[in-house]
Structures are given as C-alpha cells and as structure tokens.
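Engineer:
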Amino acid sequence: MAIFQWKGIQGSEVANGEIEARNSDEATKKLKNQKIIVTNIVLISGQEIPTPTEGEAEKKVSTKQGLKPKKYKAKGIKVKDKVIFTKKFSTMVSAGLPILKTLQMLESQQENPNFKWVVRAITEDVESGSTLSEAFAEHPAIFDTVYVNLVKAGEMSGKLTTFLQRLVIQLEKAEHIRKRLKGALSYPIILLCVAFAVITLMLIKVVPVFQNMFGQMGHDLPGPTQLIVDISEFIRDPAKGGTILVIMIATFISVKWLKKNNMAFKKKWDKLVLKIPIIGNCIQKSTLAKIAMIEGNLAAAGVSVIESLDIIEQTMTNTVFIEAFDVIKDGVSSGNSLSSLYSMCPIFPPTFYQMLAVGEETGNMEDMFDATTAFYEEEFDMAVDRLTEALEPIMIVSMGITVGFIIVAMYMPIFQMGAMVGG
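Going by this note's numbering, the first residue of the sequence shown is number 534, and it counts up by one from there.
1) Determine whether the beta carbon atoms of I845 and I816 lie at a separation below 8 Å.
2) I need the straight-line Cα distance from Q642 to Q698, nearest angstrom please.
3) P673 to K621, Cα distance in whole Å?
4) Is there at least one non-hydrogen atom of the ligand MN closer than 7 Å to the beta-carbon of L639?
5) Could you name the residues that DSSP lists as bridge partners for A535?
6) Are T848 and D614 close, meaning C-beta to C-beta below 8 Å?
7) Helix, strand or coil: which one does DSSP assign to G813?
8) With distances taken from CA atoms, which of C726, E894 and S873 is nearest Y886?
9) Measuring straight from C-alpha to C-alpha, what distance separates T695 and V679?
10) Looking only at DSSP bridge pairs, what is S867 linked to?
11) Comparing alpha-carbon positions, which option in A560, P741, V739 and E688 lies nearest N573?
12) When you compare only the Cα positions, how much space is there between A857 and D863?
13) Looking at F537 and A548, is the spacing between their C-beta atoms short of 8 Å?
14) Does the beta-carbon of I929 have 16 or more other beta-carbons within 10 angstroms, so that it is buried, or is it exposed?
15) Determine the extent of the alpha helix (DSSP H) in which L791 is found, giving its start and end residues.
16) Cβ atoms of S661 and E688: under 8 Å apart, would you say?
17) Using DSSP with H/G/I as helix, E/B as strand and the rest coil, what is V701?
18) Give me the DSSP bridge partner(s) of L576.
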C-alpha cells in the first residue's frame, strides 16, 4: 500500500490531507466518495500497485478518438449530469483554479462516456485558443443558447462564477418544473391504465364465469347484465377486440405523427391542451415561470431584448407561445414597451405583464423578472397540487362506480332468481 498527500475542495472550502491506497486512482476514488474534489495528489511513501484492468481502461479513454462514439447521444446526457458539471465548474473556478485545469479534472471525473467525450472536446477547443463560450457553443444539443450566453457574459464581465451559479439555479429550477409537470400529467394516465386493466380483466375473466352459470339457468337476462355480457363477448372476440386494439394504437401513432409533421394540426392540438381544465393551467404557469427565469438571466448577462426574445422562442415547444413571441418581437422592433406587447397576447395573464411594467417604470427589470419567476413557480406548484387533489378522487370514484356496476349487473339474475324462489 502507498500513502498519498492530497489537496482538494470539500464543499466550498480548500482542504488537504493524507490517504492510504494501492494507487493514485484508488486514492482519488476514495476521496471522491467523501465528496472531495481532488486538485492535486502526490505519492509520499510506499509504491503504487496498478489494478488489473488499469491498462485496459487507460487504453480505452486515452484519446479523444477512443472516447468519441460514431455519434454521441445527447439524450444519454441527463440534466443532472449538466447540473453537477456546472456546480463543480463554478466551485473550482471560484477556488482560483485555471479554467483549463478545471476542465481536465472534470473530464477525468466524468462517468458518463458521452459527457466525458464532450468535456474533452471542450477542453481541446479551449487549448486551441477558443473562448469557453465558443467551446460550449460547439455542442448546442447539450449547452443551449441560454447557457452559452450566460457563460459569455461571465467571461466578458469577469464574473464567471456568478453566472455559473445562475446557470445552476436555472437548471435546477427547470428540472424541478419538468419533473413536477411530468408527474402531474403521468398520474392520471397511470390511474386510467390501472382502471382499464382492472375492468378489462373483469370482462375477460370474471364475466364469462357468470355467463356460463346464467346459460344453465335458461332465463332471459336483465338489461344491465345483458349489456355487460355483450361487451365481454365483443372484447373476447379476436376479430372485434383486435380491431378495437388496432384502432387505438393507430390513433395514438397518427396523433404523434401529425403533431410532428403537420403544423396546422399541432397548432390546434397545442391550443386544445392549454384549454384542458387544471392541466392547461399547469402547463401555462410552468411556461411563464420558464420565460421569466430565462429573460431575467439574459437581462443580467446584458443580452439585448430582441436577442433574448429570439433565444426564449427557441426554447418554446407550444405553438401558442411561439406565435405570441413572433408578435412581441415585431412590436419591440417598432419601439413598443415589452409589458404592453405581452398584454396584447391573451396567453399572458395580467399579473405577468403588470409585474414587468413595474420593472420598466423602476428601471430594475432583472429583479422584477426574478420576482415574476418566483411568483409563477409558486403558482405552478399550487396548480399541480390542485390537479392531484382533483383527479385522485374523481378517478377512484369513477373506477369504483364502473366496477360496482359490473358486479351488481352480474348478480342481478341471481337476486331475481332468489326473489322468485322466495315468492
């Protein structure tokens, strides 16, 4: 075993010490597990013992060509990877480490092979003379225009750490909104799937048992019972049930294709989604929070209003908001105030543009954008809570009524027979 002396960053403070390990790689891993970012490690006694796979691992990642897949997958890089990378980058730069050294260290610490290649590519671009923002801009699928512009503002103002911290906050907030919205929209779908599975199972497995029993009784079935039996027979028929399944799958695929390839359909779909009670409200609030947050950060970075609107429009996926920004950009070019232009678009509620009007009057747009972001984040959280509170009892009651109806319908002939026997 060997003893190593190390220096690094723990939390936001510089730290140092000694550690025993077989080699420097193992020592670095041990320190990493202790949440320490190693900046320097030196052997002070003993001799390093290489691990069996060390040579192979080094060979695999020794060159950029070896790391780069034929086409790296941006989807394989999660927001969490980007947040951790930006946090570490900010901490190490604020501790006084050179940017190039920081990038080299962050590359060695990356476990995601796709992101590891990206960090190495950025490092090599910086080594070749590119600015940090230019190097990030080479990977738009991972570092969008907002990220690049904030890094550029940090470089130009000498406040790179400040803008990196803004980026971390923005990424974390955006991920929080995305996860909550995804959860809110997934919840009713999951409940529907469970209800559908339970009812289908009853119709396929339970109803036929009763149907055979009723056939032996030789009596006409009550209307509700006959309805359930007919539905059960329809579903169990391979031709009829299969047709329904094919129609459902075809409808789902068609809607997805039309949303992607037919702009007229996508516009109608996006408008419809925003009109869905509670769900549309959640989507609107989350988008307003996102707009205010990005616009506030770009204002702090000194990006012009027109350029900011262009960047924000690129981040939008709903055509209702995209069309609104087209109108707003035209108005800004004509010299109108931002708040008055937002007020012309129905998708933006009065509170949104009234808060911006206050910022225009006081000359403090950056702080007002931050306040608007906080307001709509809170509104969004409350809207999601209302969605969950409203849908859960509705779905449970609906499923209970349906299942109850099937059960009662199946027992109606038995009740009738009992009444006849008792009479």
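Note that CB positions come from ideal geometry on N, CA and C, so glycine has one too. Model, not experiment: these values are computed from the prediction.
Structural biologist: Reading off the structure:
1) no
2) 20 Å
3) 21 Å
4) Absence of the ligand MN is noted for the structure shown, with no ligands found whatsoever.
5) A554
6) no
7) helix
8) S873
9) 15 Å
10) Its beta-bridge partners do not exist; DSSP assigns none.
11) Among A560, P741, V739 and E688, the Cα nearest to that of N573 is on A560.
12) 10 Å
13) Not a contact, by the Cβ cut-off of 8 Å.
14) exposed
15) P771 to N794
16) no
17) helix
18) F537
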